[in-house]
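A.B. asks: Numbering (this note's numbering), first residue to last: 1245 to 1462.
In this text, a Cβ means the ideal position worked out from N, Cα and C, and glycines have one as well.
Just so we're clear, the structure is a prediction, and the values are computed from it rather than from any experiment.
1. Could you check whether residue 1415 and residue 1333 sit closer than 7 Å to each other, using their CB atoms as the reference points?
2. Do residue 1319 and residue 1386 have their CB atoms nearer than 7 Å?
3. Am I right that residue 1484 and residue 1328 are in contact with their C-beta atoms under 8 Å? What's the rounded C-beta distance?
4. At the level of alpha carbons, what is the spacing between residue 1265 and residue 1257?
5. Can you name the residues that DSSP bridges to residue 1410?
6. First and last residue of the beta strand (DSSP E) that includes residue 1339?
7. Is the CB-CB distance between residue 1288 and residue 1250 below 7 Å?
8. Taking DSSP's pairing of strands, which residues face residue 1300 in a bridge?
9. Looking at residue 1377 and residue 1343, is the spacing between their C-beta atoms short of 7 Å?
10. Going by other Cβ atoms of all chains shown within 10 Å of its Cβ, with 16 needed for buried, is residue 1326 buried or exposed?
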């Protein structure tokens, strides 16, 4: 809890997200004055991102860390906090590591940059080059060391959508989540990868209040 007496939430956005991402904006508008949602745009290079996010965590001392989609690996790696996740993409770093070798082909970086161009605004700049993509292997390995399977005592709970199109490719996988976090550590909602507003209000916000009620004053 901050010096002002508010619960502090550090929100780790997904790929191409940023300071004006939708879900943290909804949280800011609906959690009320007793909560502070910190959302900052971090670098696409996972090594730089980890340094940024670790520094921000030391700065704001969050009571809760929330990771969305590709931000899940970064959020897991922040040790010593309770964690919530929206559509965690635990297998995406493995795809990125494989994708790195395609970027040596002339024109591929420009193609990927065009395909995955983020929205305008305060958003993460995406640039698919070999060196940053290769770093995802070590980034994921470091994150997974902070899981119940490997002895972590942190709290983890995730939300998955029944119509998440990334589940078909395996980028988002409940099976992978269960492997590292165990049974009973997730909730399924009838929606897409991009948690709809109604579920942010009816599922995510009540879970935030529940978790902070249990851990927020520890």
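C.D. replies: With the given structure in hand:
1. Yes; because the gap between Cβ atoms is below 7 Å, this pair is in contact.
2. Contact: no.
3. Because the chain in this structure spans residues 1245 to 1462, residue 1484 falls outside the shown range and cannot be described.
4. Distance between the alpha carbons of residue 1265 and residue 1257 is about 7 Å.
5. In the DSSP output, where bridge partners are listed per residue, residue 1410 has none listed.
6. Note, residue 1339: premise wrong, no beta strand (DSSP E); alpha helix (DSSP H) at 1336-1343.
7. No, Cβ-Cβ distance for residue 1288 and residue 1250 is not below 7 Å.
8. Answer is none; residue 1300 lacks a bridge partner.
9. In this structure, residue 1343 places its C-beta atom within 7 Å of the C-beta atom of residue 1377.
10. Its Cβ being crowded by 16 or more others within 10 Å, residue 1326 is buried.
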